[in-house]
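Note that the protein sequences, when read in sequence, are chains A and B.
Heads up, the first sequence is in the working numbering, so the first residue is 43 and it goes up one at a time.
Heads up, the second sequence is in the working numbering, so the first residue is 45 and it goes up one at a time.
Where is the CB? At the ideal position from N, CA and C, for every residue including glycine.
Remember, predicted model here, so these are calculated numbers, not experimental data.
Each remark here refers to the structure printed beneath this line.
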Amino acid sequence: MFGGLAPWIPILFLITLAAKFWMEPRGYRLRSVLFKVVLAAVTLGAIFFSYGSVKGIEPGVSLIVVLMSLKILEAHTAREFQVMVIFGWVLCLCGFFLSQDLAVALCLLVAFSLFLVALIQFHRGSSPGAFWPPLHLGGKFLGQALPLVVLLFLLFPRLTTGFRFQIMQPSSATAGFSDRLSPGSIATLANSSQVAFRVEFPDGRIPSPAAMYWRGVVLSHDEGFEWRAPDSPASIYPATIPLSGDEGIRQWITIEPHGGHWMFALDWPSAPPPGASLAPGNYLWSREPIRKPRRYEVKSSPAISDKELAPRERKMLLEVPAWLSPAVRDLAQSWSSSSHDPRAVVNRALQFFRSGGFQYSLSPGPYKQRDLDEFLFHRRLGFCEHYASSFATLMRLAGIPARVVVGYLGGEYNEFGRFFLIRQADTHAWCEVWLPESGWQRVDPTSVVAPERINLGLDSFLARHGVANGTSNTFARNVAQQAIFTKLRLAWDSINYVWDTRVLSFDAEAQRSFVAEIGMSDANPFSLFMRTLMMAVGLLAIYGGWMRLRTRPRADRVKALYGRFCRKAARLGAERQPWEGPLDFSRRAADLVPDQSRRIRDISNTYIALRYSPEPTPSILDTFAREVNAFSLATRGRAR
Amino acid sequence: MTEHRFSRVSPTAGVAGLLFVMAAIWYAAASQNNAAAYLLLFCLTSVFLISIPHTLLNLAGLKATAESVKPTFAGHEVSLPVEIVNESSAARSAIALTLPDSGSAREQVDHIPAGKAARVTLRFSAPCRGEHLIGRLCLTTIYPLGFLRTSKRITAPQRYLVYPKPAGDPNLPKARTRARQNKSSQQLGEGDDFAGVRAYVSGESQRHIDWKAVARGQPLMTKQFTAEADGLLYLDFAAVPFSDLEEWLSQLVLWVIEAERTRLPYGLRLPAVEIAPSLGHSHFHHCLRALALFK
Numbered sequence: 043m044f045g046g047l048a049p050w051i052p053i054l055f056l057i058t059l060a061a062k063f064w065m066e067p068r069g070y071r072l073r074s075v076l077f078k079v080v081l082a083a084v085t086l087g088a089i090f091f092s093y094g095s096v097k098g099i100e101p102g103v104s105l106i107v108v109l110m111s112l113k114i115l116e117a118h119t120a121r122e123f124q125v126m127v128i129f130g131w132v133l134c135l136c137g138f139f140l141s142q143d144l145a146v147a148l149c150l151l152v153a154f155s156l157f158l159v160a161l162i163q164f165h166r167g168s169s170p171g172a173f174w175p176p177l178h179l180g181g182k183f184l185g186q187a188l189p190l191v192v193l194l195f196l197l198f199p200r201l202t203t204g205f206r207f208q209i210m211q212p213s214s215a216t217a218g219f220s221d222r223l224s225p226g227s228i229a230t231l232a233n234s235s236q237v238a239f240r241v242e243f244p245d246g247r248i249p250s251p252a253a254m255y256w257r258g259v260v261l262s263h264d265e266g267f268e269w270r271a272p273d274s275p276a277s278i279y280p281a282t283i284p285l286s287g288d289e290g291i292r293q294w295i296t297i298e299p300h301g302g303h304w305m306f307a308l309d310w311p312s313a314p315p316p317g318a319s320l321a322p323g324n325y326l327w328s329r330e331p332i333r334k335p336r337r338y339e340v341k342s343s344p345a346i347s348d349k350e351l352a353p354r355e356r357k358m359l360l361e362v363p364a365w366l367s368p369a370v371r372d373l374a375q376s377w378s379s380s381s382h383d384p385r386a387v388v389n390r391a392l393q394f395f396r397s398g399g400f401q402y403s404l405s406p407g408p409y410k411q412r413d414l415d416e417f418l419f420h421r422r423l424g425f426c427e428h429y430a431s432s433f434a435t436l437m438r439l440a441g442i443p444a445r446v447v448v449g450y451l452g453g454e455y456n457e458f459g460r461f462f463l464i465r466q467a468d469t470h471a472w473c474e475v476w477l478p479e480s481g482w483q484r485v486d487p488t489s490v491v492a493p494e495r496i497n498l499g500l501d502s503f504l505a506r507h508g509v510a511n512g513t514s515n516t517f518a519r520n521v522a523q524q525a526i527f528t529k530l531r532l533a534w535d536s537i538n539y540v541w542d543t544r545v546l547s548f549d550a551e552a553q554r555s556f557v558a559e560i561g562m563s564d565a566n567p568f569s570l571f572m573r574t575l576m577m578a579v580g581l582l583a584i585y586g587g588w589m590r591l592r593t594r595p596r597a598d599r600v601k602a603l604y605g606r607f608c609r610k611a612a613r614l615g616a617e618r619q620p621w622e623g624p625l626d627f628s629r630r631a632a633d634l635v636p637d638q639s640r641r642i643r644d645i646s647n648t649y650i651a652l653r654y655s656p657e658p659t660p661s662i663l664d665t666f667a668r669e670v671n672a673f674s675l676a677t678r679g680r681a682r
Numbered sequence: 045m046t047e048h049r050f051s052r053v054s055p056t057a058g059v060a061g062l063l064f065v066m067a068a069i070w071y072a073a074a075s076q077n078n079a080a081a082y083l084l085l086f087c088l089t090s091v092f093l094i095s096i097p098h099t100l101l102n103l104a105g106l107k108a109t110a111e112s113v114k115p116t117f118a119g120h121e122v123s124l125p126v127e128i129v130n131e132s133s134a135a136r137s138a139i140a141l142t143l144p145d146s147g148s149a150r151e152q153v154d155h156i157p158a159g160k161a162a163r164v165t166l167r168f169s170a171p172c173r174g175e176h177l178i179g180r181l182c183l184t185t186i187y188p189l190g191f192l193r194t195s196k197r198i199t200a201p202q203r204y205l206v207y208p209k210p211a212g213d214p215n216l217p218k219a220r221t222r223a224r225q226n227k228s229s230q231q232l233g234e235g236d237d238f239a240g241v242r243a244y245v246s247g248e249s250q251r252h253i254d255w256k257a258v259a260r261g262q263p264l265m266t267k268q269f270t271a272e273a274d275g276l277l278y279l280d281f282a283a284v285p286f287s288d289l290e291e292w293l294s295q296l297v298l299w300v301i302e303a304e305r306t307r308l309p310y311g312l313r314l315p316a317v318e319i320a321p322s323l324g325h326s327h328f329h330h331c332l333r334a335l336a337l338f339k
């Protein structure tokens, strides 16, 4: 829940917060330096004890949280609260290191805003209204900051720096996928709604859901009921396969971080995107582990083009573990001896699975690593990984080179974002066999056992067949499938997609193409920086001018008119002194400007009536304006 | 009272922490190529930039006016009442008022609603005797985020008076009372014989108000008495040779206070000024003023 933080750390935070609320109204303060030092030492020791080291992201975040907790106890002045707010913003950064999900980002936005509001409130002192006024001002700040944030985000030069520090990945990172396929490993993912990746088809050529086999990893080490990928992708070679014309299906894939190297594409990717290679077996392999959402374009062709299989490779693809039982060997032998055509052998094997009483089940019960016999001859109950691994093993025994492919099947269409969403629950395993004329051929044994699984997708299949485990889960699933919830979910997904594709994958590369698109392709980082700066300054000037205009003094007509009269009188030698009341001034001014004495007295009397009579008649203001006008007309051009 | 049109903006100490954190986030974002961290950095930067016009305009439309200051003795506290008027149509918050020319006096006004005024009294210890210029009033604000400070200086041309600090021997110099003069040199003020009434001046002793007249509905009047000039006290500057001018002025001030307190009519004779013996509020301050301004 706390992103891998030791549970006592948030608890400590809450306790110190509660303690502060208790201490503050009573005027208690933490004064003893010794106590503070002991407290700090104890908590720092506890961090070391909890994690066993102080390196890595979690101890680092814990350290900041603990320091902040202790600071809460100690803080008293506005200055100290300011320090705490800055600490809080650093914590927001730590949050982004742990996860960059949209949901997390929204939480952090709320936290960021609250820190801002708190900072405003600290500086307001005893101003009235401790809640809405600072919240209002904070909102105003964020509203005004938004265009600036967008500007900086798009145009502030992103440097691809040489310096680099590795943050240790959070140990809680979950990846549904692994390069090892053992009985039950995929079935555990069937209820995971975690997003694996999202796909757009920019050319509008969308394969049918049943044909959407997303290739992940090819497993070619047969361990009977278990399969695994080659130990290391050391034998990665650069893709040399040319694009086969225009036939390919273009995909834009935005992958969620999973910490591994695998990337996905429709069967069969014909060229790797930048930063990745095509591993033997034609699957994509990222050079760097995928730790943040990444968007790439890939083209897939409907057929694989390598038609040759080297003898050494062929030998490797026929290897089976020695412990396989005679019954299994006999079964495979019986197929291969009856026909020399590999296609016929494959069909016989599929026939075996179709008519042998096999059932597709999410919870077939536990199998041990060597339970191939148990599965094939007794229980006959399994999920896709059971079928794929046993089928491939049988094919090898029958002399047909075979391998297992793990990836995803199908996907959910999102009409708002026009993309397909592939979840961990869509994980699937299937086989590929080598046929002499046509090369590698996909064979999905699950499709003969449970054809609807392929056509409907797992969710619908489970719903229709009531295979879901647990009634509460079924209920939740039913609720989730109500139309309104489906709509909301799809809408949220598409917002997520925008966050991933437009925000999180906006890096130096994306910025370069964006800058080129808006016609500033000549911009080097420095000129880009200067332009951004100028635009920001311009924006600030607009804000400043607008705010100045909004808060300028309200026009007071009486005051303005009387001011005009005073200025006129001053020019005639009767300057009103700051301490002079209107009556005193009129007496003095009438003496100094005898020919206007009547007007001066009238103006002053009207002014006094306007200002001090309990209920001045509305017309008196017009009278006042007339009098002042008459006075300034009569004295036009005169000066002492 | 002239107002400097432009306010000055300067960073506060808190900005160092913010800049450090911004640099750290930038470093983290750039090295991790983390767009979310960049977003946080830009939010922080924008909020900081937005606070510039906010802080700058927090002083817009504010006028400060110093009011008159009562004279005080050196070493005592000067109270300077200042009225801050908010002429703008937005409330202003957290305004600090300081006197950059006269010590470390500082007062904070937390809130001035739109179109309203606030009154604060700056207190600072009086400097040496003499007449002093208030000089400048300084309005400062770090609102709303505390990373920037705006200040506006307003010249205040008023002067205030500081009397010498009273010190020395409190016993009045009896020996130096003048010999009896002729009878006509009577002094109005305080004495034993009733001489008439005049209008009451605020600050005068209430003992001499003609309360009976007040009861008849007449305005406040002060009864005046005559005292014979017998035993008039002249505090003479040159009567005794002194070593330290300020000490001697302090002594004279103390005697003025003592004489006023014991209601003994006193006069003051300085090289340039001579004040005839009398008593009362205005006479008292007249003497002290002469001593304060003595050159």
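Cβ of residue i within 8 Å of any chain A Cβ
i	result
B:Phe-86	yes
B:Tyr-82	yes
B:Glu-131	yes
B:Gln-262	no
B:Ile-69	yes
B:Ser-228	Confidence is the limiting factor: at B:Ser-228 the pLDDT is only 41, short of 50, which leaves the residue's position unreliable, though a coordinate-based value still follows. No, its Cβ sits nowhere closer than 8 Å to a Cβ of chain A.
B:Ala-219	With a pLDDT of 42 at B:Ala-219, under the threshold of 50, the predicted position of this residue should be treated as unreliable, and no value is reported.
B:Thr-89	yes
B:Val-65	yes
B:Ser-43	Outside the displayed range of chain B (45 to 339) lies residue 43 of chain B, so it cannot be described from this structure.
Buried versus exposed, by CB contacts within 10 Å (16 or more), residue i
i	result
B:Ala-138	buried
A:Trp-174	exposed
A:Val-79	exposed
A:Val-579	exposed
A:Met-562	exposed
Residue from the options with nearest C-alpha to residue i
i	options	result
A:Phe-394	A:Tyr-409, A:Ala-321, A:Phe-461, A:Val-491	A:Val-491
A:Ser-312	A:Gly-301, A:Ile-332, A:Glu-339	A:Glu-339
A:Gly-258	A:Ser-220, A:Arg-609, A:Glu-361	A:Ser-220
Any C-beta of chain B under 8 Å from that of residue i
i	result
A:Pro-595	yes
A:Gln-236	no
A:Lys-334	yes
A:Gln-124	yes
A:His-178	no
A:Gly-167	yes
A:Asp-626	no
A:Gly-246	no
A:Gln-553	no
A:Gln-524	no
A:Pro-311	no
A:Ile-662	no
Whole-number beta carbon distance between residue j and residue i, since they are thought to touch under 8 Å
i	j	result
A:Ser-432	A:Leu-423	Not quite, the Cβ-Cβ distance comes to about 12 Å (not below 8 Å), so this is no contact.
B:Pro-315	B:Phe-281	6 Å
A:Leu-194	B:Thr-89	6 Å
B:Ala-118	B:Tyr-207	7 Å
Counting Cβ pairs, one atom from each stretch, are 3 or more of them under 8 Å apart for the stretch 565–576 of chain A and the stretch 71–91 of chain B? Verdict: no, contact absent.
Contact between the stretch 323–338 of chain A and the stretch 294–307 of chain A: three or more CB pairs below 8 Å? Touching, yes.
Count the CB pairs spanning the stretch 53–67 of chain B and the stretch 532–552 of chain A that are closer than 8 Å, and state whether there are at least three. Cβ pair count under 8 Å is below three, so no.
Take every Cβ of the stretch 160–167 of chain B, pair it with every Cβ of the stretch 129–146 of chain B, and state whether three or more of those distances are shorter than 8 Å. Inter-segment contact for the stretch 160–167 of chain B and the stretch 129–146 of chain B is present: three or more beta-carbon pairs are separated by less than 8 Å.
At least three beta-carbon pairs within less than 8 Å, the stretch 445–464 of chain A to the stretch 531–544 of chain A: With contact defined as three or more Cβ pairs closer than 8 Å, the stretch 445–464 of chain A and the stretch 531–544 of chain A are in contact.
Three Cβ pairs or more, each shorter than 8 Å: is that satisfied between the stretch 364–372 of chain A and the stretch 408–415 of chain A? The stretch 364–372 of chain A is in contact with the stretch 408–415 of chain A.
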